[in-house]
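In the UniProt record's numbering, the protein residues as written are 1 to 331.
Glycine included, each C-beta is placed from N, C-alpha and C at the ideal position.
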C-alpha cells in the first residue's frame, strides 16, 4: 500500500532505524539481513531526500529531519496497531505474549514478584520483562516501548491514562543491635546519626532526600547506594539509619535484622500509580494486566500504615516542585 508515493510497509523499517540508530540492530528487530535493511534505508533516503542517519565515528546519528520524524512515525504505527489488533476477548490461560514493565527494585520487590507468581499460575505462556528505571521513563511510554510504568503520581505524564495503585509512606530502619536509638527517634538523633541513602546517577536522587533538602534538613549521609533493596546491608552491624518506603521496609524486615521506627518528621506520602500509553487503553490483554496488578496492590499484607502516629501525611498543595522531575526514576 502506498500513500503519497511512500510504501507504508517502510514505516515499520523507518521506525526501527530511527529508534535503534543502527542498521545491525534494526535488521535484527525487523528479521531482515543487514544488506536488505541497508537497501530499505536507501529507499527511505531517496523518498525523504535526506540522509536520515549519518555516520559519526563508529555510530550513526539522526539528521534534524529524522529526529522530527521519530514521534510522528511511532504514533502512526501505534494507532494502526491499536486499530487492527483489538481482540474481542483475552484468555490468560491460553494467550502467549510478553509484557514489559518499567519499575524500580522497590516496586519489583513489593509488587512485581507477586505478579510473576500470578503469571505462573494463571497465565503460563505470558512472560514478564522488568526494565530498570531511567531518568526519562515517559519517553519509553510515549513510544510504547513499555506496557506500564509504575511511578509516584507527581511524576507521571498528563497525556496518558493513569491508575492509583496504593499510597506509600516512609519509615526509618535501624539494625536491631543499634544501641544509639530506642523505640522512637528524636529529630536530634535523626540529624546526628549517619544515614544510608540511594541515588541513581549524578542528578537523580530519592524523593525523601529531595524533600528533606527543600525543607532545610541536611542529613549526614555516610553511604549512598544505587538501589533500595541493598540499603539494609549498609545499616546492619552499624549505628546508621535509613529512611525508606514502608512497604519495602516491612518486607525486608522479614529477612534482615532490622527494626522499623517512625520518622521524627512528616515526609509526604506518595500515591504510587501505573500508567500506560493511551493506545493500549482498550487492549483486552492490557486491561487484564492492569486489573491483576491493581488486585495485588490492594492486597497489602501489612495493611495501610499511613494512619499510624509518626508516619506520613498527604503532600500539601503549593510545595516547591522545581527539582521534582529528576526524581521519577528512583521513587
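Original post:
Using DSSP with H/G/I as helix, E/B as strand and the rest coil, what is residue 163?
Top reply: Reading the chain shown from its first residue, position 163 is the one you call residue 163. Residue state, collapsed to three classes: strand.
Original post:
Can you tell me whether residue 187 is buried or exposed, with buried defined as 16 or more other CB within 10 angstroms of its CB?
Top reply: For the purposes of this step, residue 187 is taken as the residue at position 187 of the chain shown. Exposed, since its Cβ has fewer than 16 Cβ neighbours within 10 Å.
Original post:
residue 37 and residue 44 look like a contact to me (Cβ under 8 Å); what is the Cβ gap, rounded to whole Å?
Top reply: Counting from 1 along the chain shown, the entry for residue 37 is found at position 37. Counting from 1 along the chain shown, the entry for residue 44 is found at position 44. In fact, because the Cβ distance is near 10 Å, the residues do not count as touching under 8 Å.
**OP:** Return the chain-ordered list of same chain residues with a C-beta closer than 7 Å to the C-beta of residue 174, the five sequence neighbours on each side being excluded.
**Re:** For this step, residue 174 is matched to residue 174 along the chain shown. 181, 235, 241, 258, 259 and 261, listed in sequence order.
Original post:
From residue 113 to residue 97, what does the alpha carbon distance come to, in whole angstroms?
Top reply: Taking the first residue of the chain shown as 1, we reach residue 113 at position 113. Taking the first residue of the chain shown as 1, we reach residue 97 at position 97. C-alpha separation (whole angstroms): 18 Å.
Original post:
Within 10 angstroms of its Cβ, does residue 307 collect 16 or more other Cβ (buried), or is it exposed?
Top reply: Against the chain shown, residue 307 aligns to sequence position 307. Only weak support is given to the placement of residue 307: the predicted model assigns it a pLDDT of 33, under 50, and the question is left unresolved by the model.
**OP:** Could you name the residues of the same chain whose beta carbon sits closer than 6 Å to that of residue 194, not counting the 5 residues immediately before and after it, in chain order?
**Re:** The count along the chain shown starts at 1 and reaches residue 194 at position 194. These residues qualify, in order along the chain: 220, 222 and 240.
Subject >> Burial state of residue 357 (16 or more Cβ within 10 Å) >> reply: A question about residue 357 goes unanswered here, because the residues of the chain that appear run from 1 up to 331.
Subject >> Contact between the stretch 131-141 and the stretch 263-270 (3+ Cβ pairs under 8 Å) >> reply: no
**OP:** Name, in chain order, the residues that DSSP records as bridge partners for residue 194.
**Re:** Numbered from its first residue, the chain shown carries residue 194 at position 194. According to DSSP, residue 194 bridges with 220.
**OP:** Pull up the distance between the alpha-carbon of residue 121 and that of residue 293, whole angstroms please.
**Re:** Walking along the chain shown from the start, residue 121 turns up at place 121. Walking along the chain shown from the start, residue 293 turns up at place 293. Going from the Cα of residue 121 to the Cα of residue 293 covers about 14 Å.
Original post:
So, helix, strand or coil for residue 146, using DSSP?
Top reply: Here residue 146 is taken as the residue at index 146 of the chain shown, counted from 1. Coil.
Subject >> Inter-residue Cα distance where the pair is residue 284 and residue 160 >> reply: Translated into the one-based positions of the chain shown, residue 284 becomes position 284. Translated into the one-based positions of the chain shown, residue 160 becomes position 160. Going by the C-alpha atoms only, they are around 17 Å apart.
Subject >> Cβ distance (whole Å) where residue 131 is taken to contact residue 110 below 8 Å >> reply: As a position in the chain shown, residue 131 is number 131, starting the count at 1. As a position in the chain shown, residue 110 is number 110, starting the count at 1. Rounded, the Cβ-Cβ distance is 17 Å, inconsistent with contact.
Original post:
Buried or exposed: where does residue 291 fall if 16 or more other Cβ atoms within 10 Å of its Cβ makes it buried?
Top reply: Looking up residue 291 in the chain shown gives position 291. With fewer than 16 other Cβ atoms within 10 Å, it is exposed.
**OP:** Go through its chain and collect everything with a Cβ distance to residue 74's Cβ below 7 Å, but skip five positions before and after it.
**Re:** Walking along the chain shown from the start, residue 74 turns up at place 74. Within the same chain, residue 74 has close Cβ partners 15 and 143.
Original post:
So which of 101, 126 and 118 has the shortest CA-CA distance to residue 148?
Top reply: Against the chain shown, residue 148 aligns to sequence position 148. The option with the nearest alpha carbon to residue 148 is 101.
**OP:** Pull up the distance between the alpha-carbon of residue 17 and that of residue 67, whole angstroms please.
**Re:** If you number the chain shown from 1, residue 17 lands on position 17. If you number the chain shown from 1, residue 67 lands on position 67. Between residue 17 and residue 67, the C-alpha separation is close to 11 Å.
Original post:
Would you report the Cα separation of residue 52 and residue 62, rounded to the nearest angstrom?
Top reply: In the chain shown, the residue the question calls residue 52 occupies position 52. In the chain shown, the residue the question calls residue 62 occupies position 62. If I take the Cα positions, the gap works out to 6 Å.
Subject >> Pair within 8 Å by beta-carbon distance, residue 23 and residue 10 >> reply: For this step, residue 23 is matched to residue 23 along the chain shown. For this step, residue 10 is matched to residue 10 along the chain shown. No, Cβ-Cβ distance for residue 23 and residue 10 is not below 8 Å.
Original post:
Do you know offhand how far residue 232's Cα is from residue 166's?
Top reply: One-based indexing of the chain shown puts residue 232 at position 232. One-based indexing of the chain shown puts residue 166 at position 166. Residue 232 and residue 166: Cα-Cα distance of roughly 24 Å.
**OP:** From the DSSP output, in three-state form, read off residue 129 for me.
**Re:** Taking the chain shown and counting its residues from 1, the one referred to as residue 129 is at position 129. Strand.
**OP:** Using alpha carbons as the reference points, say which of 126, 163, 104 and 117 lies closest to residue 91.
**Re:** Along the chain shown, one-based indexing puts residue 91 at 91. Of 126, 163, 104 and 117, the residue nearest in Cα terms is 126.
Subject >> Neighbour-count burial assignment, residue 158, 16 or more Cβ in a 10 Å radius >> reply: As a first step, residue 158 must be located in the chain shown, where it is residue number 158. Under this definition residue 158 is an exposed residue.
Subject >> For residue 168, three-class secondary structure by DSSP >> reply: As a first step, residue 168 must be located in the chain shown, where it is residue number 168. Residue 168 falls in the strand class under three-state DSSP.
Subject >> Cβ pair residue 156, residue 162 closer than 8 Å >> reply: On the chain shown, position 156 is the one that residue 156 refers to. On the chain shown, position 162 is the one that residue 162 refers to. Yes, these two residues count as a Cβ contact at 8 Å.
Subject >> Anticipated Cβ contact below 8 Å, residue 95 with residue 123, distance rounded >> reply: Along the chain shown, read from residue 1 onward, the residue named residue 95 stands at position 95. Along the chain shown, read from residue 1 onward, the residue named residue 123 stands at position 123. Correct: roughly 7 Å between the Cβ atoms.
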